[in-house]
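Inspection log for the structure reproduced underneath, given as structure tokens.
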Amino acid sequence: MAKAREIFGAGHADLEQLHGLRWQWLEQAVGPAVVLPTEYPDGYHVPHHHHSRSQLLHALVGVVLVTTRHGRWMVPPDHAMWIPAGIEHSVEMLGDVSMRSVYVMPQAIPGLPEGMRVVGITDLMHSLIVESEKLPQGGELEGRGGLIMNLLLHEIPQLPERPLGLPFPSDPKLAALCRRFVAAPSPHATIDEWADTVGMSRRSFTRAFQRQTGLSLSTWRQQACLFAALPRLADGEPITRVALDLGYDSVPAFITMFKRMLGSSPRGYMRGARDAGEGMRRAPARSEAPTPSAWPQG
Numbered sequence: 001m002a003k004a005r006e007i008f009g010a011g012h013a014d015l016e017q018l019h020g021l022r023w024q025w026l027e028q029a030v031g032p033a034v035v036l037p038t039e040y041p042d043g044y045h046v047p048h049h050h051h052s053r054s055q056l057l058h059a060l061v062g063v064v065l066v067t068t069r070h071g072r073w074m075v076p077p078d079h080a081m082w083i084p085a086g087i088e089h090s091v092e093m094l095g096d097v098s099m100r101s102v103y104v105m106p107q108a109i110p111g112l113p114e115g116m117r118v119v120g121i122t123d124l125m126h127s128l129i130v131e132s133e134k135l136p137q138g139g140e141l142e143g144r145g146g147l148i149m150n151l152l153l154h155e156i157p158q159l160p161e162r163p164l165g166l167p168f169p170s171d172p173k174l175a176a177l178c179r180r181f182v183a184a185p186s187p188h189a190t191i192d193e194w195a196d197t198v199g200m201s202r203r204s205f206t207r208a209f210q211r212q213t214g215l216s217l218s219t220w221r222q223q224a225c226l227f228a229a230l231p232r233l234a235d236g237e238p239i240t241r242v243a244l245d246l247g248y249d250s251v252p253a254f255i256t257m258f259k260r261m262l263g264s265s266p267r268g269y270m271r272g273a274r275d276a277g278e279g280m281r282r283a284p285a286r287s288e289a290p291t292p293s294a295w296p297q298g
């Protein structure tokens with residue numbers, strides 16, 4: 001217990017030790033769900049790993065990029081990533097990140113999502129995560145604590161899915177095209193150009209891409225452009241520069257795409273993210289992050 005508290009309070013230098021202790025402890029914890037906080041510095045990378053519980057990864061502040069062999073998912077503030085149990089994934093921090101993770105036992109309740117997805121965090125869910133974090137972790141809860149955790153679990157299937165995934169095709173040639181596009185995104189890529197590059201007819205290419213990614217090339221391309229834009233906007237780059245660098249003919253065209261994908265203009269979206277960050281920074285500081293009462297000794 002004392003060693004776990006020491007690592008939690010030691011700062012970013014001991015994050016690798018923290019992860020080792022945390023994953024070991026999670027495999028032994030009981031109860032349907034556990035809520036744990038972590039603070040990460042800009043650029044920190046959590047290498048590929050998996051756990052026996054599903055994870056609802058909630059970014060309160062900062063942007064998180066989750067990568068698996070199936071593709072990439074971006075998690076901005078006020079969103080969360082649902083990662084089913086057993087899925088190998090890595091996590092990259094874009095900016096300083098304040099994260100809360102809800103680790104859920106498989107089949108804890110009926111209706112939990114079966115696949116990877118980014119979801120919006122409602123006001124109710126945000127409040128439930130904040131309250132759940134204060135509860136004793138790693139055991140069965142009764143009374144008020146049990147009710148809060150039970151409601152949190154039942155809210156997970158209700159969270160609205162957001163189009164912030166970027167699945168990659170299984171075909172190596174198509175996947176190579178996607179990787180090149182991610183490295184240099186442009187809204188002007190066409191189906192005919194991509195089909196010619198891999199030696200396929202337009203119809204065959206369209207069917208294969210849709211079957212392997214679940215998205216049309218047009219939608220996939222817009223989401224890739226959004227992936228490229230969000231970290232730059234979070235760094236304070238002007239909307240005009242980002243839009244033109246991504247190949248949009250006009251700023252209004254870029255703003256239209258952004259609003260269609262995220263439901264808000266770039267300026268409004270980033271203002272909301274900044275307000276969330278300021279709210280976190282104004283919150284009373286705690287001497288250390290909450291430490292589960294059943295945390296391992298070693």
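Just so it is clear: in the sequence shown, position 239 is 239 by full-length UniProt numbering, and no numbers are missing. Ideal Cβ positions, reconstructed from N, Cα and C, are used throughout, including at glycine.
Nearest residue (CA-CA) to residue i, options the options
{"i": "Ile121", "options": "Ala253, Val61, Asp14", "result": "Val61"}
{"i": "Leu151", "options": "His126, Glu16, Ser170, Ser218", "result": "His126"}
{"i": "Asp96", "options": "Leu124, Leu65, Pro113, Glu88", "result": "Leu65"}
{"i": "Gln24", "options": "Asp14, His51, Leu15", "result": "His51"}
{"i": "Met105", "options": "Val118, Ala85, Asp123", "result": "Ala85"}
{"i": "Gly145", "options": "Cys178, Val34, Arg267, Asp14", "result": "Val34"}
{"i": "Gly268", "options": "Asp14, Pro77, Trp73, Leu36", "result": "Pro77"}
{"i": "Pro172", "options": "Asp14, Met257, Phe209", "result": "Phe209"}
{"i": "Leu112", "options": "Leu159, Leu36, Arg271", "result": "Leu159"}
{"i": "Met74", "options": "Gly115, Gly236, Glu27, Ala228", "result": "Ala228"}
{"i": "Pro41", "options": "His49, Leu15, Gln28, Gly20", "result": "Leu15"}
Cut-off 6 Å between Cβ atoms - residues of its own chain near residue i, not counting five sequence neighbours on either side
{"i": "Pro47", "result": "Ser90"}
{"i": "Leu55", "result": "The identity of residue 55 in the sequence shown is Gln, whereas the question assumes Leu. Correct list, in chain order: Ile83, Ser101, Tyr103."}
{"i": "Arg117", "result": "Trp82, Glu161"}
{"i": "His45", "result": "Glu92"}
{"i": "Gly20", "result": "none"}
Pair within 8 Å by beta-carbon distance, residue i and residue j
{"i": "Leu153", "j": "Ala80", "result": "no"}
{"i": "Leu30", "j": "Gly139", "result": "As written in the sequence, residue 30 is Val, which differs from the Leu given in the question. Cβ atoms of Val30 and Gly139: closer than 8 Å."}
{"i": "Ile148", "j": "Ser170", "result": "no"}
{"i": "Ser265", "j": "Ile255", "result": "yes"}
{"i": "Pro187", "j": "Tyr248", "result": "yes"}
{"i": "Ile191", "j": "Phe205", "result": "yes"}
{"i": "Leu215", "j": "Trp194", "result": "no"}
{"i": "Met257", "j": "Gln222", "result": "yes"}
{"i": "Thr68", "j": "Ile87", "result": "yes"}
Cβ neighbours of residue i in the same chain (closer than 7 Å, five flanking residues each side left out)
{"i": "Pro43", "result": "Checking the displayed sequence, the identity of residue 43 turns out to be Gly instead of Pro. These residues qualify, in order along the chain: Met93."}
{"i": "Leu128", "result": "Ile148, Leu151, Leu152, Glu155"}
{"i": "Gly71", "result": "Gly165, Leu166, Pro167, Phe168"}
{"i": "Asp196", "result": "none"}
{"i": "Ser218", "result": "none"}
{"i": "Ala224", "result": "Leu166, Phe181, Val182, Pro185"}
{"i": "residue 338", "result": "The question about residue 338 has no answer, for the chain in this structure spans 1 to 298."}
{"i": "Val242", "result": "Ala229, Arg232, Leu233"}
{"i": "Leu141", "result": "Gly31, Leu135, Met149"}
{"i": "Pro110", "result": "none"}
{"i": "Val119", "result": "His79, Ala80, Trp82, Leu159, Pro160, Glu161, Arg162"}
{"i": "Glu114", "result": "Pro84"}
Whole-angstrom C-beta distance between residue j and residue i, which should lie under 8 Å
{"i": "Val198", "j": "Leu174", "result": "6 Å"}
{"i": "Leu230", "j": "Val63", "result": "6 Å"}
{"i": "Arg22", "j": "Leu36", "result": "7 Å"}
{"i": "Leu246", "j": "Pro185", "result": "6 Å"}
With 16 other Cβ atoms within 10 Å as the buried cut-off, status of residue i
{"i": "Thr213", "result": "buried"}
{"i": "Ala253", "result": "exposed"}
{"i": "His58", "result": "buried"}
{"i": "residue 321", "result": "Because the chain spans 1 through 298 in this model, residue 321 falls outside it and cannot be assessed."}
{"i": "Pro32", "result": "buried"}
{"i": "Gln137", "result": "buried"}
{"i": "Leu26", "result": "buried"}
{"i": "Leu262", "result": "buried"}
Other residues of its chain near residue i: CB distance less than 8 Å, five sequence neighbours each side excluded
{"i": "Ile239", "result": "Leu233, Val251, Phe254, Ile255, Pro266, Arg267"}
{"i": "Met200", "result": "Ala208"}
{"i": "Ala189", "result": "Phe181, Leu217, Arg221"}
{"i": "Lys259", "result": "Ser265"}
{"i": "Pro202", "result": "For the sequence presented, residue 202 should be read as Arg rather than Pro. Correct list, in chain order: Ile191, Asp192, Ala195."}
{"i": "Asp235", "result": "Gly95"}
The ligand FMN heavy atom lying under 7 Å from the CB of residue i
{"i": "Ile87", "result": "In the structure shown, the ligand FMN is absent, as is every other ligand, since no ligand is present at all."}
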